[in-house]
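Chemist: Take the sequence shown: its position 5, counting from 1, is numbered 82 in the working numbering, and each next residue is one higher.
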Amino acid sequence: MSTAPHARLDPAQLETFLALRDAAVAHAVDACAQANPALFARFGARGRSACSEDIRYHIDYLTPALEHGDPTPFLSYLGWLAQVLRARGVPAASLPQSLRDLATFYRQHLPPDTAATVAAVLEAGHAHLADA
């Protein structure tokens, strides 16, 4: 697991990032539903709600990594969540895809320097999942 320090967001950048939370969650859930229609049909509204909750947790764990420049807790969270999702019968590819969807959203909605920092931590998460 790579826990090399990452760039940090300053308070203003972090505030901008957090202001986009609901829109980022909606984007990632919609992207997941489009990519996995059978899965969303199988789990229905409860599954959509669980997906939304999981992505909110992604952002909750991502935030301190961005604030402090240390992705370790975020990476640990992702490792744990991958096991939980596997036990729930959720396809393994859905978690790394949700990270890519969040990175895409933030690249479209944040200033380039802020988006690059956010994307770097999300990409570290993706790499961590690939190594697991």
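Each residue gets a CB set at the ideal place from its N, CA and C atoms; glycine is no exception.
All values derive from a computational prediction rather than experimental measurement.
In whole angstroms, what is the alpha-carbon distance linking arginine 133 and proline 189?
Modeler: 23 Å
Chemist: If I measure Cβ to Cβ from alanine 100 and keep anything under 8 Å in the same chain, skipping five residues before and after, which residues do I get?
Modeler: Phe182 and His186
Chemist: Between the Cα of arginine 177 and those of Glu92, Phe117, Ala89 and Ala108, spot the shortest distance and give me the residue it belongs to.
Modeler: Among Glu92, Phe117, Ala89 and Ala108, the Cα nearest to that of arginine 177 is on Ala108.
Chemist: Per DSSP, what kind of secondary structure is glycine 166 in: helix, strand or coil?
Modeler: Residue state for glycine 166 is assigned as coil, using DSSP reduced to three classes.
Chemist: CA-CA distance, alanine 197 and proline 141?
Modeler: Across the structure, alanine 197 and proline 141 are spaced so that their CA atoms are roughly 14 Å apart.
Chemist: Report the three-state DSSP secondary structure of histidine 83 (helix, strand or coil).
Modeler: coil
Chemist: Helix or strand or just coil, what does DSSP make of leucine 187?
Modeler: coil
Chemist: Can you check which of these residues, Ala122, Trp157, Ala207 and Ala84, is closest to glutamine 174 by C-alpha distance?
Modeler: Ala207
Chemist: Should aspartate 168 be labelled buried (16 or more other beta-carbon atoms within 10 Å of its own) or exposed?
Modeler: Strictly speaking, residue 168 in this sequence is proline, with aspartate absent from that position. Label assigned to proline 168: exposed.
Chemist: Rounded to the nearest angstrom, how far is the Cβ of glycine 146 from that of arginine 184, given a contact under 8 Å?
Modeler: With a Cβ gap of about 20 Å, glycine 146 and arginine 184 do not count as contacting.
Chemist: DSSP state of leucine 97, grouped into three classes?
Modeler: coil
Chemist: Does any C-beta atom of chain B lie closer than 8 Å to the C-beta of threonine 181?
Modeler: Absent from the structure is chain B; it holds one protein chain and no more.
Chemist: Would you kindly check if the distance between the Cβ of phenylalanine 117 and the Cβ of arginine 123 is under 8 Å?
Modeler: no
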